[in-house]
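Colleague:
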Amino acid sequence: AQKAEREREEVLQREVEMKRLQKEYSEMMEKKQEMLRQVQRYSIYKDFMDDHVDRLLHVKQQLWEKASETQEKVDQQRKAAAVLEDQRNSFILQKKNELSQLQRQLEKTCSEALKWEKKWNHIKETAAKKTLTLGQIKMATLNLYEMMGAVIGEEGVDMNHTERQLDQVCFCQSKGRQSLQKVC
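Residue numbers (full-length UniProt numbering): 1 to 184.
1. Alpha carbon to alpha carbon, how far is residue 268 from T131?
2. Are T141 and Q165 closer than 7 angstroms when you measure CB to CB?
3. Could you compute how far the alpha carbon of A80 sits from the alpha carbon of L63?
4. Assuming C172 contacts M139 under a Cβ cut-off of 8 angstroms, what Cβ separation, rounded to an integer in Å, is found between them?
5. Please report the distance separating the alpha-carbon of Q168 from that of M159.
6. Roughly how many angstroms lie between the CA atoms of R14 and D51, to the nearest whole one?
7. In this structure, does DSSP put A1 in helix, strand or coil?
8. On the criterion of 16 or more Cβ atoms from any shown chain inside 10 Å, does Y145 qualify as buried, or is it exposed?
9. Tell me which same chain residues have a C-beta within less than 8 angstroms of the C-beta of N121, skipping the five on either side of it?
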């Protein structure tokens with residue numbers, strides 16, 4: 001009897017457990033159905049998000065390609081700028097060399113000009129001295145000519161004709177010697 005009682009209690013417990021499990025199963029099935037309905041309701045959001053992610057990936061790809069192109073252009077511009085900088089530096093160096101050469105030529109030319117200016121000043125100074133000496137000779141000749149009693153102007157020798165005056169002075173002087181020799 002105890003055994004039967006225990007079996008009956010076990011059967012009752014199993015029935016209670018079965019009812020509880022059936023209720024739990026029923027609740028779980030309802031939850032499953034509710035979740036399936038929610039999945040169905042939210043599947044449009046999943047599709048939207050999938051499309052959105054696809055668009056974002058496409059945009060990301062386009063941006064990456066654009067960035068690559070831009071970087072390539074930047075690299076080309078940098079190379080071109082470097083070439084231009086090298087050309088500019090070469091040009092500046094060439095012009096500095098030309099300027100240095102022209103500076104040396106200018107210094108040489110200035111030195112040469114100074115040398116020739118000194119020579120020109122010496123020539124002018126010599127010419128001035130010779131002109132002064134010539135003037136003194138002309139005055140001395142004219143004075144001798146007048147002291148010998150020669151006539152200047154229309155009847156005699158022109159005042160500016162120094163050679164004739166000198167010839168006359170020499171002529172008179174040679175006559176004067178002859179006269180002195182006769183007297184002595």
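Glycine is no exception: its CB is placed at the ideal position from the N, C-alpha and C atoms.
None of the values given here were measured: they were computed from a predicted structure.
Modeller: Walking through what the data contain:
1. Outside the shown range of the chain, which is 1 to 184, sits residue 268, and nothing can be said about it.
2. yes
3. 25 angstroms
4. That belief does not hold up - the Cβ atoms of C172 and M139 are roughly 18 angstroms apart, past 8 angstroms.
5. 13 angstroms
6. 52 angstroms
7. coil
8. buried
9. none
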